[in-house]
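**Q** Keeping their order, the protein sequence lines are chains R and C.
Quick note: the first sequence uses this note's numbering, first residue 3, plus one each step.
Quick note: the second sequence uses this note's numbering, first residue 3, plus one each step.
C-beta: ideal position from N, C-alpha, C; glycine also.
Please read these numbers as outputs of a predicted model, since none were measured by experiment.
Quick one: the structure is below, questions incoming.
2 protein chains.
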Amino acid sequence: MTLTMAATYVNGVPGDVIPASDRGLLYGHGVFETIAIRNGRPEHWLRHMTRLHAGCTRLGIQPFEPALLAAEAESIINGTDEGVLKLIVTRGSGGRGYRAAGSTGCTRIMQLHPWPEYPASCAEEGVKTRLCDIRLGRNPALAGIKHLNRLEQVLARQEWNDADIREGLLMDADGNLVEGTMSNLFMVSNGVLMTPDLSRCGVAGIVRTIILELAEQQGLDSRITHIGQEALFEADEVFLTNSLIGIWPVIAVGETTCRKGDITTQLQGLLADTTNSGPAWRA
Amino acid sequence: MTLTMAATYVNGVPGDVIPASDRGLLYGHGVFETIAIRNGRPEHWLRHMTRLHAGCTRLGIQPFEPALLAAEAESIINGTDEGVLKLIVTRGSGGRGYRAAGSTGCTRIMQLHPWPEYPASCAEEGVKTRLCDIRLGRNPALAGIKHLNRLEQVLARQEWNDADIREGLLMDADGNLVEGTMSNLFMVSNGVLMTPDLSRCGVAGIVRTIILELAEQQGLDSRITHIGQEALFEADEVFLTNSLIGIWPVIAVGETTCRKGDITTQLQGLLADTTNSGPAWRA
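Quick look at the structure:
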């Protein structure tokens, strides 16, 4: 079955509206996951559930029931082979003011979107990127979480219109690279895999974690560290990751070009194996 | 007429739901105003409209029609003497992904809430506050705007339960005071009025601006500057401002006590005059 339009469930029921009093709207008080549906199953489901649960805990949102979400996901996927499942959990409604009062409920929103048709060349040959002007604010209390306060990414994405530029890279106030607007960033220098430290800002992506695990399994030296512009421009390989794109090699950062390398190609193959041979998605 | 429950308009029509695809929910892509309704009129309406318009411009939301908002506000206020008008303008719906695509529309949400019954002692005698642990991230591109990315304030407000503590004060990563969770911060030292610089984070409140104008009119020396903890603890007077509370003197920051001073009392009187004698609210 091929999906052509978005479908939405709110709290398990087909419907596409939420209360205007929802704290997800008022304050961005919620978290989300963007999950690839391929071959009729949500990829890395348990990893997404684990991160969602951790984000809820950090934001004071009561833990949801994973089995309930899995049943709802199965219902909305309903035989769709390929698509994108966006799952949002907010703190629900509760009073005017920053303090969550009244009901301790949460709102669950599931949206099933068509699969984005990225050109095959993005993964095979690589993509052009640019350095964004906007810098990410540091906030250790929010770092790593995929929360609903995403204005920095919105403003970053407004910086360019050139369809040839597939991603913008973001730095913090000190000029350390952090991530892309919708992806995590990796580079390889002298055989060492490196990705930015996300303890102060950034989203800890599911595929980022998988890549670090794969590197360890392969005996590839990897480091989570601070990466400045100079190190990026001198890297042997640069690539981007997220749950939909997998791995995209970077062939340009602004005017500086680079080429797809062997470690990137190797990791693309290993990542494809994990998504094709994962465990049954419903635990 | 006394309001006991919230009323909501969405795009000018009574109703309390928004699309689950609204970018206000997905990314916090929007701005809001919290407007005091007293004596049947929205206080400082034109100032709120000016700030709302500026915020929309900075976030790439198309300018709305002020006359339309005024007509809708009049309709929802509908003779209510006292209340709180919360006005939210989002980027509306438009695709999955950070880039605003498709329709260039916006969503207007107006919520009329009952007036919060703060004890008279808060303004007359003062309030106790605390220093929050969470620090505000720096982001000049978002600084000053009253946008919908408010997780820092939500987390700050979760730090305490003591109903006797009326507000938490927030610092940036360098330990500079910035604001309260729902208010702006002022202090007086040696006859000089001071309030934190908001060029890197914080919300530029309507009453904050009015206080600075009143100070100038009175020939009171005032400074927008960096204020560290030490300066705060040594201040002669400390007070908080927002559109609902007006001015609340601070009588304690954690274990450190202070007392309501003459300049605070003078500014309270001057502020009351501005709200009682403002221009006709509909331009």
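Contact between the region 112–131 of chain C and the region 140–151 of chain C: three or more CB pairs below 8 angstroms?
**A** Contact between the region 112–131 of chain C and the region 140–151 of chain C is absent, because fewer than three Cβ pairs lie under 8 angstroms.
**Q** According to a CB-to-CB cut-off of less than 8 angstroms, which residues of the region 159–184 of chain R neighbour chain C?
**A** Those would be R159, Q160, A175, T183, M184, in chain order.
**Q** Could you check what DSSP says for W2 (chain R) in three-state terms: helix, strand or coil?
**A** The requested residue 2 (chain R) is not part of the displayed model; chain R covers only 3 to 285.
**Q** Between which two residues does the alpha helix (DSSP H) harbouring I37 (chain R) extend?
**A** For the purposes of this step, residue 37 (chain R) is identified with residue 35 of the first sequence, where counting begins at 1. Here I37 (chain R) belongs to no alpha helix (DSSP H); instead the beta strand (DSSP E) covers 32–40.
**Q** Between which two residues does the beta strand (DSSP E) carrying G85 (chain R) extend?
**A** As a position in the first sequence, residue 85 (chain R) is number 83, starting the count at 1. From DSSP, the beta strand (DSSP E) with G85 (chain R) extends over 85–92.
**Q** Return the first residue and the last residue of the beta strand (DSSP E) that F241 (chain C) is part of.
**A** In the second sequence, residue 241 (chain C) corresponds to position 239, counting from 1. Counting along the chain, the beta strand (DSSP E) containing F241 (chain C) begins and ends at 239–244.
**Q** If you draw a straight line from the C-alpha of I226 (chain C) to the C-alpha of R137 (chain C), how long is it?
**A** If you number the second sequence from 1, residue 226 (chain C) lands on position 224. If you number the second sequence from 1, residue 137 (chain C) lands on position 135. Going by the C-alpha atoms only, they are around 20 angstroms apart.
**Q** Could you check whether the Cβ of D18 (chain R) sits closer than 8 angstroms to any Cβ belonging to chain C?
**A** Sequence index remark: in the first sequence, residue 18 (chain R) carries index 16 (1-based). So yes, D18 (chain R) belongs to the interface.
**Q** V156 (chain R) CB to nearest chain C CB: under 8 angstroms?
**A** Within the first sequence, the letter at position 154 stands for residue 156 (chain R). It does; some Cβ of chain C falls within 8 angstroms.
**Q** Can you find a CB in chain C that lies within less than 8 angstroms of the CB of G139 (chain R)?
**A** For this step, residue 139 (chain R) is matched to residue 137 along the first sequence. G139 (chain R) counts as touching chain C.
**Q** Taking H149 (chain C) as the query, report the chain R residues whose CB atoms sit under 8 angstroms from its CB, ordered along the chain.
**A** Your numbering for residue 149 (chain C) matches position 147 in the second sequence. Residues of chain R passing the Cβ test: L153.
**Q** Distance, Cα to Cα, L187 (chain R) vs G107 (chain C)?
**A** Walking along the first sequence from the start, residue 187 (chain R) turns up at place 185. Walking along the second sequence from the start, residue 107 (chain C) turns up at place 105. Rounded to whole angstroms, L187 (chain R) to G107 (chain C) spans 33 angstroms at the Cα level.
**Q** Taking Cβ-Cβ distances shorter than 7 angstroms, what residues in chain C pair up with N26 (chain R)?
**A** Numbered from its first residue, the first sequence carries residue 26 (chain R) at position 24. It is worth fixing the name first, because residue 26 (chain R) is Gly in this sequence and not Asn. Going along chain C in sequence order, the residues near G26 (chain R) (Cβ under 7 angstroms) are L27.
**Q** Using 10 angstroms around the beta-carbon of L70 (chain C), count the other beta-carbons present and answer buried if the total reaches 16, otherwise exposed.
**A** In the second sequence, residue 70 (chain C) corresponds to position 68, counting from 1. Looking at its Cβ environment, which holds fewer than 16 other Cβ atoms inside 10 Å, L70 (chain C) is exposed.
**Q** Using a Cβ-Cβ cutoff of 9 angstroms, what residues of the region 56–67 of chain C are near chain D? List them in chain order.
**A** No chain D is present in this structure, whose protein chains are R and C.
**Q** Taking 8 angstroms as the threshold (beta carbon to beta carbon), is V12 (chain C) in contact with chain R?
**A** Taking the first residue of the second sequence as 1, we reach residue 12 (chain C) at position 10. Output row for V12 (chain C): interface = yes.
**Q** Consult DSSP for Q220 (chain C) and reduce its assignment to one of helix, strand or coil.
**A** For the purposes of this step, residue 220 (chain C) is taken as residue 218 along the second sequence, with counting starting at 1. Three-state result, Q220 (chain C): coil.
**Q** State the CB to CB distance for the pair L172 (chain C) and T183 (chain C), rounded to an integer number of angstroms; the pair is presumed to be in contact (CB under 8 angstroms).
**A** As a first step, residue 172 (chain C) is located in the second sequence; it is residue number 170 there, counting from the start. As a first step, residue 183 (chain C) is located in the second sequence; it is residue number 181 there, counting from the start. Confirmed, about 7 angstroms.
**Q** So, with DSSP's three-state summary, where would you put A285 (chain C)?
**A** Your numbering for residue 285 (chain C) matches position 283 in the second sequence. Because A285 (chain C) sits at a pLDDT of 48, beneath the cut-off of 50, its placement in the model cannot be relied upon, and the following sentence gives the value as read from the coordinates. Looking at A285 (chain C) - three-state DSSP - the assignment turns out to be coil, as it is neither helix nor strand.
**Q** Contact criterion: CB-CB distance below 8 angstroms. Does C134 (chain R) meet it with respect to chain C?
**A** Taking the first residue of the first sequence as position 1, residue 134 (chain R) is located at position 132. By this cut-off, C134 (chain R) is not an interface position.
**Q** Under a CB-based cut-off of 8 angstroms, is G256 (chain C) close to chain R?
**A** Along the second sequence, one-based indexing puts residue 256 (chain C) at 254. It does not: the Cβ of G256 (chain C) has no partner Cβ on chain R nearer than 8 angstroms.
**Q** Check whether the Cβ of A9 (chain R) lies closer than 8 angstroms to any Cβ atom in chain C.
**A** For the purposes of this step, residue 9 (chain R) is taken as residue 7 along the first sequence, with counting starting at 1. Answer no: the Cβ-Cβ gap between A9 (chain R) and chain C never drops below 8 angstroms.
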